[in-house]
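As given, the protein sequences belong to chains F and D, one line each in that order. Residue 115 in our numbering sits at position 58 of the first sequence, and the numbers go up by one each step. Residue 38 in our numbering sits at position 30 of the second sequence, and the numbers go up by one each step. Where a beta carbon is used, it is the ideal one built from N, C-alpha and C, also for glycine. On a predicted model such as this, the values are computed, not experimentally measured, just so you know. Report on one structure; see the data block that follows.
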Amino acid sequence: MKVAKEFREGLLAAIPSLRAFAFSLIGRGDRADDLVQETLMKAWAHHASFQPGTNLRAWLYTILRNEFYSQMRKKGREIEDVDGAYSRNVGVHPDQPGHLDMADMHAALAQLPADQREALLLVAASGFSYEEAATICDVAMGTIKSRVNRARNRLGEILKVAGESEFGPDPTAEAAIARAATRK
Amino acid sequence: MKKEKEKGRPMNVESRGRAGEMRKKRSTDGSVERAIGSRLRAYYDEVAREPVPDRFVELLKKLDDESTKH
Numbered sequence: 058m059k060v061a062k063e064f065r066e067g068l069l070a071a072i073p074s075l076r077a078f079a080f081s082l083i084g085r086g087d088r089a090d091d092l093v094q095e096t097l098m099k100a101w102a103h104h105a106s107f108q109p110g111t112n113l114r115a116w117l118y119t120i121l122r123n124e125f126y127s128q129m130r131k132k133g134r135e136i137e138d139v140d141g142a143y144s145r146n147v148g149v150h151p152d153q154p155g156h157l158d159m160a161d162m163h164a165a166l167a168q169l170p171a172d173q174r175e176a177l178l179l180v181a182a183s184g185f186s187y188e189e190a191a192t193i194c195d196v197a198m199g200t201i202k203s204r205v206n207r208a209r210n211r212l213g214e215i216l217k218v219a220g221e222s223e224f225g226p227d228p229t230a231e232a233a234i235a236r237a238a239t240r241k
Numbered sequence: 009m010k011k012e013k014e015k016g017r018p019m020n021v022e023s024r025g026r027a028g029e030m031r032k033k034r035s036t037d038g039s040v041e042r043a044i045g046s047r048l049r050a051y052y053d054e055v056a057r058e059p060v061p062d063r064f065v066e067l068l069k070k071l072d073d074e075s076t077k078h
């Protein structure tokens with residue numbers, strides 16, 4: 058059964074975003090791209106179960122995420138290993154502009170529990186709605202919301218402590234972060 | 009405003025609207041969210057902006073070629 062052109066093109070268009078998500082789950086490098094590769098192959102094999110007109114990106118993210126956790130389970134790894142791998146794989150090239158910012162953010166994100174980091178990235182970086190993120194992670198929407206809030210709060214504290222004012226946002230936002238950090 | 013809400017970035021209107029209520033005191037206010045949000049997106053975009061690696065272009069081509077043979 059021939060795969061529709063729109064589906065193929067949709068897959069291609071989603072690759073950059075999928076790579077970013079894979080990176081956020083395992084860290085930089087071949088393993089992230091291997092995960093994307095497996096996701097694409099699975100998506101292709103199951104193309105008949107995708108309803109055209111529905112959210113392809115969310116569907117692909119779900120496949121990728123499930124594939125990731127299934128691989129982790131097969132290897133007998135705990136979620137803590139996910140955090141460990143994430144912390145080790147900074148993978149930032151020194152000659153990239155703003156590389157200190159990247160390393161800062163990566164190190165800050167590494168301090169979040171995996172489920173909070175994932176929820177935060179889905180909602181605040183990948184641009185999914187809470188509802189879509191809940192479907193991707195297979196949890197209730199309220200769960201996603203509370204993970205995102207906790208992640209945001211924690212990240213704000215971490216970034217402030219890390220001296221983010223050096224490369225960070227404008228004075229208005231800085232003051233706001235300062236207020237938020239002291240407002241227990 | 010509405011567009012932001014659809015994208016899942018909450019406006020936290022409840023916290024602003026209730027002066028003196030402690031209920032939302034642990035959540036971040038809008039400007040902190042925006043600062044974090046823009047940095048998160050910049051971080052994400054570092055990867056998302058990279059050109060699609062050849063291996064994926066080739067994979068899709070291969071899968072497509074195989075599917076037309078049957």
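*Comparing the C-beta of F:Arg162 with each C-beta of chain D, is any distance below 8 Å?*
As a position in the first sequence, residue 162 of chain F is number 105, starting the count at 1. The residue asked about is misnamed: residue 162 of chain F is Met in this sequence, not Arg. For F:Met162, the answer is yes, since a Cβ of chain D falls inside 8 Å of its Cβ.
*Can you list the residues of chain F that D:Glu41 reaches, using a CB-CB cut of under 7 Å?*
As a first step, residue 41 of chain D must be located in the second sequence, where it is residue number 33. In chain order: Arg209.
*Between F:Ala30 and D:Glu74, what straight-line distance do the alpha-carbon atoms span, to the nearest angstrom?*
In this structure chain F extends from 58 to 241, so residue 30 of chain F is not present and cannot be described.
_Can you give me the C-alpha to C-alpha distance between F:Arg209 and F:Leu216, rounded to a whole angstrom?_
Position 152 of the first sequence, counted from the start, is the residue given in the question as residue 209 of chain F. Position 159 of the first sequence, counted from the start, is the residue given in the question as residue 216 of chain F. Between F:Arg209 and F:Leu216, the C-alpha separation is close to 10 Å.
*Residue burial classification, F:Arg122 (beta-carbon count within 10 angstroms, cutoff 16)*: On the first sequence, residue 122 of chain F is found 65 positions in, with the first residue counted as 1. Label assigned to F:Arg122: buried.
*Cβ-based contacts, 9 Å cut-off: residues of the region 54-76 of chain D near chain F*: Glu54, Val55, Ala56, Arg57, Glu58, Pro59, Val60, Pro61, Arg63, Phe64, Val65, Leu67, Leu68, Leu71, Asp72, Ser75 and Thr76
*Per-residue DSSP class, three states only, for F:His103*: To locate residue 103 of chain F, count along the first sequence from 1; it is residue 46. The answer is coil: DSSP assigns F:His103 none of H, G, I, E or B.
_Residue of F:Ile72, F:Arg174, F:Phe80 and F:Lys59 minimising C-alpha distance to F:Arg207_ = Here residue 207 of chain F refers to the residue found at position 150 of the first sequence. Looking at the Cα atoms, F:Arg174 is the closest of the given residues.
*Alpha carbon to alpha carbon, what distance is there between D:Arg49 and D:Val60?*
Walking along the second sequence from the start, residue 60 of chain D turns up at place 52. Walking along the second sequence from the start, residue 49 of chain D turns up at place 41. About 19 Å.
*asked:* Mapping the DSSP letters down to three states, classify F:Lys59 as helix, strand or coil.
replied: Here the question's residue 59 of chain F lines up with position 2 in the first sequence. Here F:Lys59 sits in coil by DSSP.
_Whether F:Gly184 touches F:Leu113 by CB criterion (8 Å)_ = Locating residue 184 of chain F in the first sequence gives position 127, where the first residue counts as 1. Locating residue 113 of chain F in the first sequence gives position 56, where the first residue counts as 1. Against a cut-off of 8 Å, the Cβ pair of F:Leu113 and F:Gly184 comes out as no contact.
*Helix or strand or just coil, what does DSSP make of D:Arg57?*
Taking the first residue of the second sequence as position 1, residue 57 of chain D is located at position 49. Correct three-state label for D:Arg57: coil.
*If F:Phe78 sits next to F:Phe107, beta carbons under 8 Å apart, how far is it from one beta carbon to the other, in whole angstroms?*
Here residue 78 of chain F refers to the residue found at position 21 when the first sequence is read from its first residue. Here residue 107 of chain F refers to the residue found at position 50 when the first sequence is read from its first residue. That belief does not hold up - the Cβ atoms of F:Phe78 and F:Phe107 are roughly 18 Å apart, past 8 Å.
*9 Å Cβ cut-off: residues of chain D touching F:Gly67*: Position 10 of the first sequence holds residue 67 of chain F. Within 9 Å Cβ-Cβ: nothing; F:Gly67 doesn't reach chain D, min ~11 Å.
_Contact check, F:Leu69 vs D:Leu67, beta carbons under 8 Å_ = As a position in the first sequence, residue 69 of chain F is number 12, starting the count at 1. As a position in the second sequence, residue 67 of chain D is number 59, starting the count at 1. In this structure, D:Leu67 does not lie closer than 8 Å to F:Leu69 by Cβ.
_Through-space distance from F:Arg204 to F:Asp172, alpha-carbon basis_ = Residue 172 of chain F sits at position 115 when you count from the first residue of the first sequence. Residue 204 of chain F sits at position 147 when you count from the first residue of the first sequence. For F:Asp172 and F:Arg204, the distance between alpha carbons rounds to 7 Å.
*asked:* Less than 8 Å between C-beta atoms, sequence neighbours within five positions excluded: which residues of the same chain meet that for F:Ala165?
replied: Counting from 1 along the first sequence, the entry for residue 165 of chain F is found at position 108. The residues are Leu212, Ile215, Leu216 and Ala219.
*Would you say F:Asp90 reaches chain D, if we count a Cβ-Cβ gap shorter than 8 Å as a contact?*
For the purposes of this step, residue 90 of chain F is taken as the residue at position 33 of the first sequence. F:Asp90 counts as touching chain D.
*Who are the Cβ neighbours of F:Ser81 in its own chain at under 6 Å, not counting the five residues just before and after it?*
Counted from its first residue, the first sequence places residue 81 of chain F at position 24. Hits under 6 Å: Leu178.
*Given F:Leu117 as reference, the closest of F:Glu95, F:Gly84, F:Lys132 and F:Lys131 once Cα atoms are compared*: Residue mapping note: residue 117 of chain F aligns to position 60 of the first sequence, counting from 1. Nearest of F:Glu95, F:Gly84, F:Lys132 and F:Lys131 to F:Leu117, Cα basis: F:Glu95.
*Kindly list the residues whose CB is nearer than 7 Å to the CB of F:Lys99, restricted to its own chain and excluding five residues on each side of it in sequence; keep chain order.*
Along the first sequence, read from residue 1 onward, the residue named residue 99 of chain F stands at position 42. Result list for F:Lys99: Ile120 and Glu124, in chain order.
_Under 9 Å by beta carbon: chain D residues contacting F:Leu117_ = As a working note, residue 117 of chain F is residue 60 in the first sequence. Ordered by position in chain D, no residue passes the 9 Å Cβ test against F:Leu117, which lies about 13 Å from the chain.
*Going along chain D, which residues have a C-beta under 7 Å from F:Gln168?*
Indexing the first sequence from 1 puts residue 168 of chain F at position 111. Ordered by position in chain D, no residue passes the 7 Å Cβ test against F:Gln168, which lies about 14 Å from the chain.
*Is the CB of F:Phe80 under 8 Å away from at least one CB in chain D?*
Sequence index remark: in the first sequence, residue 80 of chain F carries index 23 (1-based). By this cut-off, F:Phe80 is an interface position.
*asked:* Once the 5 residues before and after F:Ala182 are set aside, which same chain residues still bring their CB inside 8 Å of it?
replied: Position 125 of the first sequence holds residue 182 of chain F. Excluding sequence neighbours, F:Ala182 sits near Ala77 and Ser81.
*Where F:Arg76 meets chain D, residues with beta-carbon distance less than 9 Å*: Position 19 of the first sequence holds residue 76 of chain F. Within chain D, the residues near F:Arg76 are Val55, Ala56, Glu58, Val60, Pro61 and Phe64.
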